[in-house]
Structure formats: structure tokens, C-alpha cells
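Novice: The numbering used here puts the last residue of the sequence shown at 286; the count rises by one with no breaks. Take a look at this one; I'll ask things after.
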Amino acid sequence: MIPAEFDYTAPTTLEEAVRRLAGTQGAKVLAGGMSLIPALKLRLAQPPLLVDIGRIPELDGVSVSGGKARIGARTPHAALLAHPALADAPIFADTAAVIGDVQVRNRGSFGGSLAHADPAADWPAVFLALGGEARMLGPKGKRSVGADDFFVGMLQSALREDEILTELVVPLETKRAGAAYGKLRQPASGFAIVGAAVQLMADRKGRIDEIRIGVTGVNPVPFRAKSVEARLRGQSPDAAALRTLCAQIDEADPTGDLHASAEYRRHLAGVFTARAVAKAIERAKE
Ligand SMILES: Cc1cc2nc3c(=O)[nH]c(=O)nc-3n(C[C@H](O)[C@H](O)[C@H](O)COP(=O)(O)OP(=O)(O)OC[C@H]3O[C@@H](n4cnc5c(N)ncnc54)[C@H](O)[C@@H]3O)c2cc1C
Numbered sequence: 001m002i003p004a005e006f007d008y009t010a011p012t013t014l015e016e017a018v019r020r021l022a023g024t025q026g027a028k029v030l031a032g033g034m035s036l037i038p039a040l041k042l043r044l045a046q047p048p049l050l051v052d053i054g055r056i057p058e059l060d061g062v063s064v065s066g067g068k069a070r071i072g073a074r075t076p077h078a079a080l081l082a083h084p085a086l087a088d089a090p091i092f093a094d095t096a097a098v099i100g101d102v103q104v105r106n107r108g109s110f111g112g113s114l115a116h117a118d119p120a121a122d123w124p125a126v127f128l129a130l131g132g133e134a135r136m137l138g139p140k141g142k143r144s145v146g147a148d149d150f151f152v153g154m155l156q157s158a159l160r161e162d163e164i165l166t167e168l169v170v171p172l173e174t175k176r177a178g179a180a181y182g183k184l185r186q187p188a189s190g191f192a193i194v195g196a197a198v199q200l201m202a203d204r205k206g207r208i209d210e211i212r213i214g215v216t217g218v219n220p221v222p223f224r225a226k227s228v229e230a231r232l233r234g235q236s237p238d239a240a241a242l243r244t245l246c247a248q249i250d251e252a253d254p255t256g257d258l259h260a261s262a263e264y265r266r267h268l269a270g271v272f273t274a275r276a277v278a279k280a281i282e283r284a285k286e
């Protein structure tokens with residue numbers, strides 16, 4: 001279908017982009033367009049103005065300092081596939097490698113995926129597991145929101161209409177820490193039928209000390225599997241124990257669709273969580 005008519009602007013500074021966005025009621029940010037353009041074509045979105053943030057250099061790139069990675073919101077998925085600054089955080093490569101296809105990975109952005117808050121997107125689970133922080137700029141100034149408060153509804157993040165997500169800050173744990181992501185892909189689109197991301201820290205005896213688990217594809221909103229986190233703390237489970245400890249995710253409340261029944265999704269959530277925990281434990285030993 002052909003989108004409804006809209007105006008288009010491509011500012012080169014963040015301040016100008018915020019001014020343009022705030023200046024037109026209903027205006028929308030255009031990042032990679034991988035989710036927004038299909039929505040325009042289906043007329044699910046009919047914004048009067050698109051503010052393209054693709055020409056604002058400060059929104060693109062990755063840097064690491066003080067034990068934290070700073071990822072510009074417009075950074076494409078492909079840039080996180082093998083970024084030298086993220087060499088010690090292979091969960092980024094795990095995830096970027098399984099998003100859509102080459103075109104989607106080159107056009108779509110890390111921040112766009114989080115802002116769009118698709119219930120089957122991959123980065124939201126990772127962002128939750130890593131305990132990231134989202135930074136945004138709007139007409140009233142800067143603001144930041146922690147990962148646990150960022151996803152507020154189906155396709156709804158904590159971003160206000162007139163705000164631009166500028167960067168994502170993620171603490172990089174190194175000592176006896178490991179993180180991993182895995183999913184069952186929907187064969188046509190690549191979206192997650194179920195995806196689980198885990199970050200954990202082990203103590204000197206190899207027991208799980210700290211753990212965060214993010215799950216996507218199951219509920220309308222990505223969530224932390226806190227019930228499983230609590231069960232795993234203090235444990236050093238073998239493979240069989242891990243499967244048992246992860247099998248029941250109390251927070252999971254799936255509905256069925258043509259790709260997977262609710263029961264199958266619930267089962268898969270446990271399976272993929274156990275696999276991601278096992279991989280994270282291995283990485284924590286490296
Ligand atoms: C064929 C196909 C397969 C896909 N497969 C997968 C997959 O396997 N896994 C997966 O996770 N995703 C998948 N996607 C989605 C893809 O990853 C998108 O890149 C992502 O969802 C949105 O990023 P974008 O940069 O394209 O954002 P856009 O489409 O440009 O924007 C999406 C929404 O977010 C808002 N937005 C974007 N950036 C900002 C910002 N900085 N500040 C404020 N608001 C912002 C926009 O206004 C819009 O509402 C797929 C998409 C397609 C078309």
C-alpha cells in the first residue's frame with residue numbers, strides 16, 4: 001500500500017531534531033525505518049512529519065569507558081556484530097547475528113528496536129538482562145530511564161512523543177561474569193518466537209551470585225524472569241538441575257498464535273532460558 005502523505009526533515013543536530021519533533025503534533029522519529037516504514041505502508045501510522053535522525057553523527061557509534069558501553073541509539077544492529085569495543089561482551093554478537101536478514105541488520109538500529117518495543121524483538125530481552133539505562137532528550141531536557149522501567153506496554157516504551165532516544169548505557173561486568181542470548185526464530189521474519197537473555201556473576205566457588213534474565217516473545221511486554229533468578233541464586237546447577245530450575249517461569253503469561261500455542265511458548269521459554277544460563281555459566285569461567 002502507499003503511505004498517507006507526510007512531510008520529511010533530516011536535521012544534522014540533535015537539538016534541531018528535538019525542535020522539529022516537538023514542533024509538529026504527531027511527528028515521528030525515523031531511524032532505520034525497518035518497523036516504521038511497514039507501519040506507514042499499512043497506514044497503521046500516519047504521522048504528519050518524519051524526523052530522520054540518520055544524519056546526526058552523535059547518535060551513531062559505540063564507546064567503552066569506566067566499565068560501561070555507550071551505544072548511540074541510531075547504531076545499526078550490524079555494527080554490534082563484531083565491534084572491537086564489545087569483544088568482552090559476546091551477547092551483543094549473539095543477538096545481532098540472529099536479527100532478521102542482512103538488510104534489516106544494516107538498516108535497523110539498536111535504539112529503534114528498543115523504542116519500538118515490539119513484543120517479539122530481541123534487544124529488549126538483552127537490555128533487561130544487562131540492566132541498561134536509556135537516555136533521551138526532549139524539549140524539557142535530558143532524562144534517563146532504567147531497563148526495568150523502559151518497556152511499559154505492547155509496542156510502548158517510556159519515551160514521550162516529543163523525546164528522542166539518544167544513547168543506551170550498559171554496564172559491562174567482567175569478573176567471573178558471563179552473558180548470553182538465544183532464541184527460536186520465526187522462520188520467515190527471524191523475530192523471536194521465544195528469546196531469553198541472561199547475565200550472571202559467579203562467586204569464587206562457581207555458584208551463581210547475581211543474575212538477571214530477560215525474556216521476549218512470550219508476553220505482550222518483555223519481562224525479567226525474577227522467579228527463575230531467585231531460584232538460581234546460590235546454585236551451581238548441572239544441566240539436568242538447570243532444566244528443572246528454569247522449567248517454570250512464573251511471570252510468563254503467553255497467548256497462542258499461528259506460530260506457537262501458549263503451552264508450547266511457555267515450554268520454550270524454560271528451554272531457552274536454561275540454554276542461555278548454561279552458556280553464560282561457561283562464559284563466566286573463561
Ligand atoms: C523483515 C524484517 C525482519 C525483522 N526481524 C527482526 C528480528 O529477527 N528481530 C528483531 O528484534 N527485530 C527484527 N526486525 C525489526 C528491526 O530490528 C528494526 O530495526 C527495529 O525493530 C526498529 O529499528 P529501526 O531503526 O528500523 O526503527 P524505525 O523503524 O525507524 O522506528 C521504529 C519506531 O521507533 C521510533 N524510534 C526509532 N528510533 C528512535 C529514537 N532514537 N528515538 C525515539 N524514537 C525512535 C520510531 O519513531 C518508530 O515509532 C525485523 C524487521 C523486518 C522488516
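All C-beta atoms in this analysis are idealised placements derived from N, C-alpha and C, irrespective of residue type, glycine included.
Roughly how many whole angstroms lie between the Cα atoms of A121 and A192?
Specialist: If I take the Cα positions, the gap works out to 6 angstroms.
Novice: What are the boundary residues of the alpha helix (DSSP H) that includes A247?
Specialist: Start and end: 239 to 247.
Novice: Tell me whether M34, by its Cβ, gets closer than 8 angstroms to a heavy atom of ligand 2.
Specialist: What this structure holds is ligand 1, not ligand 2.
Novice: When you compare only the Cα positions, how much space is there between T255 and E16?
Specialist: If you take the alpha carbons of T255 and E16, they lie about 42 angstroms apart.
Novice: In the structure shown, what three-state DSSP assignment does I91 receive?
Specialist: Three-state result, I91: helix.
Novice: How do the region 60 to 76 and the region 42 to 49 stand: do at least 3 beta-carbon pairs fall below 8 angstroms, yes or no?
Specialist: Flag = no, the region 60 to 76 and the region 42 to 49 do not touch.
Novice: Can you tell me whether R207 is buried or exposed, with buried defined as 16 or more other CB within 10 angstroms of its CB?
Specialist: So R207 ends up on the exposed side.
Novice: Taking the straight line between their C-alpha atoms, what separation do you get for P139 and A202?
Specialist: If I take the Cα positions, the gap works out to 43 angstroms.
Novice: For the region 178 to 192 against the region 265 to 274, do three or more pairs of beta-carbon atoms, one drawn from each stretch, fall closer than 8 angstroms, so that the two count as touching?
Specialist: Yes, the region 178 to 192 is in contact with the region 265 to 274.
Novice: Should D94 go down as buried or exposed, given a rule of 16 or more other Cβ atoms within 10 Å for buried?
Specialist: Result: buried.
Novice: Tell me whether P119 counts as near ligand 1, meaning its Cβ is closer than 8 angstroms to at least one heavy atom of that ligand.
Specialist: False, no ligand heavy atom lies under 8 angstroms from that Cβ.
Novice: Alpha helix (DSSP H) containing P124: first to last residue?
Specialist: From DSSP, the alpha helix (DSSP H) with P124 extends over 123 to 130.
Novice: When we look at the beta-carbon of Q199 and count the other beta-carbons within 10 Å, is it buried (16 or more) or exposed?
Specialist: Q199 comes out buried.
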